[in-house]
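Student: Note that the UniProt record's numbering has the sequence shown beginning at 1, numbered continuously upward. Where a beta carbon is used, it is the ideal one built from N, C-alpha and C, also for glycine. Structure below; questions to follow.
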Amino acid sequence: MQNRTMEIGVGLFLLAGILALLLLALRVSGLSPTASTDTYKLYAYFDNIAGLTVRAKVTMAGVTIGKVTAVDLDRDNYTARVTLQLEKRVDNLPTDSTASILTAGLLGEKYIGISVGGEDTVLKDGGTIHDTQSSLVLEDLIGKFLMNTVSKEAK
1 MQNRTMEIGV
11 GLFLLAGILA
21 LLLLALRVSG
31 LSPTASTDTY
41 KLYAYFDNIA
51 GLTVRAKVTM
61 AGVTIGKVTA
71 VDLDRDNYTA
81 RVTLQLEKRV
91 DNLPTDSTAS
101 ILTAGLLGEK
111 YIGISVGGED
121 TVLKDGGTIH
131 DTQSSLVLED
141 LIGKFLMNTV
151 SKEAK
């Protein structure tokens with residue numbers, strides 16, 4: 001009887017450990033089952049979003065304030081339209097705020113960083129951030145450097 005009790009205890013301990021690892025994996029991946037309902041949507045248009053994905057975080061001053069919910073191609077302007085879902089606690093963003101696509105580390109994940117403007121009017125639900133800065137593509141930067149080097153050698 002004592003052997004069986006110990007086996008049940010070890011089994012419950014293992015089950016609790018597996019559930020804890022599953023919860024940790026969900027939190028790290030951004031697939032958390034607890035979705036906040038106090039949010040609003042904003043849109044931003046970028047020329048190049050290279051590497052930005054759905055569920056990428058949106059930050060302000062290093063604090064996560066939302067996530068990217070959709071990435072579409074605007075067929076009229078041929079630019080990328082990014083839908084941002086931001087928390088209501090930051091519903092006072094000025095209309096001249098800036099959205100930039102940044103990289104965590106040298107080759108890390110892409111995310112959007114918002115810099116606050118100075119206007120008195122604020123962005124409402126469904127509003128658009130007009131001042132955007134596209135993603136820095138490492139391959140383009142290397143190509144420009146190589147072409148600049150080659151053109152200097154040709155002179």
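Nearest to S134 by CA position, among A99, N92, G105, V122, is which residue?
Tutor: Translated into the one-based positions of the sequence shown, residue 134 becomes position 134. That would be A99, whose Cα lies nearest to the Cα of S134.
Student: Per DSSP, T64 forms a beta bridge with which residues?
Tutor: Within the sequence shown, the letter at position 64 stands for residue 64. DSSP lists T59 as partners of T64.
Student: From A61, T5, G127, pick the residue whose C-alpha is nearest to that of L42; which is it?
Tutor: As a first step, residue 42 must be located in the sequence shown, where it is residue number 42. Nearest option by C-alpha distance: G127.
Student: According to DSSP, what are the bridge partners of G127?
Tutor: For the purposes of this step, residue 127 is taken as the residue at position 127 of the sequence shown. In DSSP, G127 forms a bridge with L42.
Student: Can you tell me where the beta strand (DSSP E) holding A99 begins and where it ends?
Tutor: Residue mapping note: residue 99 aligns to position 99 of the sequence shown, counting from 1. Looking at the DSSP string, the run of the beta strand (DSSP E) that includes A99 is 98-103.
Student: Sorted by chain position, which residues of the same chain lie with C-beta nearer than 7 Å to L19's C-beta, five sequence neighbours on each side aside?
Tutor: Here residue 19 is taken as the residue at index 19 of the sequence shown, counted from 1. There are no such residues.
Student: Do residue 158 and K57 have their C-beta atoms within less than 8 Å of each other?
Tutor: Nothing can be reported for residue 158, as the shown portion of the chain is limited to 1 through 155.
Student: Can you round the beta-carbon distance between G51 and K88 to whole angstroms, since I take them to be within the 8 Å contact cut?
Tutor: Within the sequence shown, numbered from 1, the residue matching residue 51 stands at position 51. Within the sequence shown, numbered from 1, the residue matching residue 88 stands at position 88. That belief does not hold up - the Cβ atoms of G51 and K88 are roughly 28 Å apart, past 8 Å.
Student: Using only the alpha-carbon positions, how far apart do A104 and F145 sit?
Tutor: Numbered from 1 along the sequence shown, position 104 holds the residue referred to as residue 104. Numbered from 1 along the sequence shown, position 145 holds the residue referred to as residue 145. Cα to Cα, the separation comes out at about 23 Å.
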